[in-house]
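Novice: The structure is given below, and queries will be raised subsequently.
Numbering (the numbering used here), first residue to last: 286 to 540.
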């Protein structure tokens, strides 16, 4: 509606306000960076380390040459100390702690205690990623953490639970012998009557399922042999109760 008086009046008011708007004075980028640096130093002084890291990273991304030594020194110390606080805290903020240690590591090698904490946290998070998805892998990862520090967070308890859960899974699949191995591994960590009963039951089933060779007899005697394999090789697995693992055998087609 080009002839609408309301629109004409609003357009005139908009133009008047545009004409009256002051022209902004250009500010030097170095002045802006100096303000950010001072804010970062204040945050660092009051132990607001996450805020200090955030501001110092802004400076590094904007101009790596600005107050290089001061920015790097403050950024590395703030990131290192805050990362260690998160890794050693009671709250589950390991991933966040690793992020801050990564920032510190980009500016120089981590001290030995920080490197050890970083490795433990990384292994622990990797082990948790396999929880309930791949029990053997979770057990292996938690065993690595346990070997480095048995008292790290709830590693011992989780390793116990992983052995029991994997044993339960194997027992459901009819694998009594390896199930007993998992239960016994769990009992070496913590005594538990329920798990002890499961281990005894799995052990009994394992003995019943394992045939005892007759002295002087030939294994499989009386059983019709399958037709010979013309070419290739035959691979099969047998469980070794002493080693607690499966052993793979390969037989040539020619015998």
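Even glycine gets a Cβ: it sits at the ideal position worked out from N, Cα and C.
Values in this document were obtained by computation on a predicted structure and should not be read as measured data.
For the segment 426-445 against the segment 458-478, do three or more pairs of beta-carbon atoms, one drawn from each stretch, fall closer than 8 Å, so that the two count as touching?
Specialist: These segments touch.
Novice: Is it right to say residue 391 is buried, meaning 16 or more other beta carbons lie within 10 angstroms of its own, or is it exposed?
Specialist: Exposed: under 16 other Cβ atoms inside 10 Å.
Novice: What do you reckon, are the CB atoms on residue 454 and residue 429 nearer than 8 Å?
Specialist: No, Cβ-Cβ distance for residue 454 and residue 429 is not below 8 Å.
Novice: If you run the structure through DSSP and keep just helix, strand and coil, what is residue 333?
Specialist: DSSP places residue 333 in coil when its eight states are reduced to three.
Novice: Secondary structure at residue 531, three-state DSSP: helix, strand or coil?
Specialist: It is a strand residue.
Novice: Compute the distance between the beta-carbons of residue 322 and residue 352, then report whether it is under 8 Å.
Specialist: Closer than 8 Å, so yes.
Novice: Check for me: the beta strand (DSSP E) holding residue 518 runs from which residue to which?
Specialist: Taken as a continuous stretch (DSSP letters only), the beta strand (DSSP E) holding residue 518 covers 518-525.
Novice: State the Cα-Cα distance for the pair residue 484 and residue 474, rounded to the nearest angstrom.
Specialist: Approximately 14 Å, taken between the alpha carbons.
Novice: Can you look up residue 418 in the DSSP assignment and give me helix, strand or coil?
Specialist: Residue 418: coil per DSSP, three-state reduction.
Novice: Rounding to the nearest angstrom, what Cα-Cα distance links residue 480 and residue 466 in this structure?
Specialist: Going from the Cα of residue 480 to the Cα of residue 466 covers about 12 Å.
Novice: Within 10 angstroms of the Cβ of residue 388, are there 16 or more other Cβ atoms? Answer buried if so, exposed if not.
Specialist: Label assigned to residue 388: buried.
Novice: Where are the alpha helix (DSSP H) runs, 4 residues long or more, that stay fully inside the segment 363-431, in chain order?
Specialist: Here the runs fully enclosed are 379-390 and 397-414.
Novice: Within 10 angstroms of the Cβ of residue 363, are there 16 or more other Cβ atoms? Answer buried if so, exposed if not.
Specialist: So residue 363 counts as buried.
Novice: Mark residue 519 as exposed unless 16 or more other C-beta atoms lie within 10 angstroms of its C-beta, in which case mark it buried.
Specialist: Residue 519 should be labelled exposed.
Novice: What do you get for residue 296, buried or exposed, if any count of 16 or more other CB atoms within 10 angstroms of its CB means buried?
Specialist: Its Cβ having fewer than 16 others within 10 Å, residue 296 is exposed.
Novice: So, for residue 412: in the same chain, excluding its five sequence neighbours on each side, which residues have a beta-carbon less than 7 Å away from its beta-carbon?
Specialist: Answer for residue 412: 423, 426, 427 and 430, listed in chain order.
Novice: Secondary structure at residue 439, three-state DSSP: helix, strand or coil?
Specialist: DSSP places residue 439 in coil when its eight states are reduced to three.
Novice: With residue 379 and residue 372 assumed to form a contact (beta carbons below 8 Å), what rounded beta-carbon distance in angstroms separates them?
Specialist: 6 Å between Cβ atoms; contact.
Novice: Leaving out five residues before and five after residue 340 in sequence, what residues of the same chain have Cβ atoms less than 8 Å from its Cβ?
Specialist: Closer than 8 Å at the Cβ level, and outside the excluded window around residue 340, lie 321, 322, 324, 325 and 328.
Novice: In the structure shown, what three-state DSSP assignment does residue 348 receive?
Specialist: Three-state DSSP puts residue 348 in coil, outside helix and strand.
Novice: DSSP three-state label for residue 289, please.
Specialist: In this structure, residue 289 counts as coil in the three-state DSSP scheme.
Novice: Per the DSSP calculation, residue 477 is bridged to which residue(s)?
Specialist: Bridge partners of residue 477: none, in fact.
Novice: Could you check if residue 535 is buried or exposed, using at least 16 other CB atoms within 10 Å of its CB as the buried criterion?
Specialist: It is exposed - the Cβ of residue 535 has fewer than 16 other Cβ atoms within 10 Å.
Novice: Where does residue 463 land, buried or exposed, given buried means 16+ other C-beta within 10 angstroms?
Specialist: Buried is the call here.
Novice: In the DSSP assignment, find the unbroken alpha helix (DSSP H) run with residue 236 in it and report its ends.
Specialist: Because the chain here runs from 286 to 540, residue 236 falls outside it and cannot be looked at.
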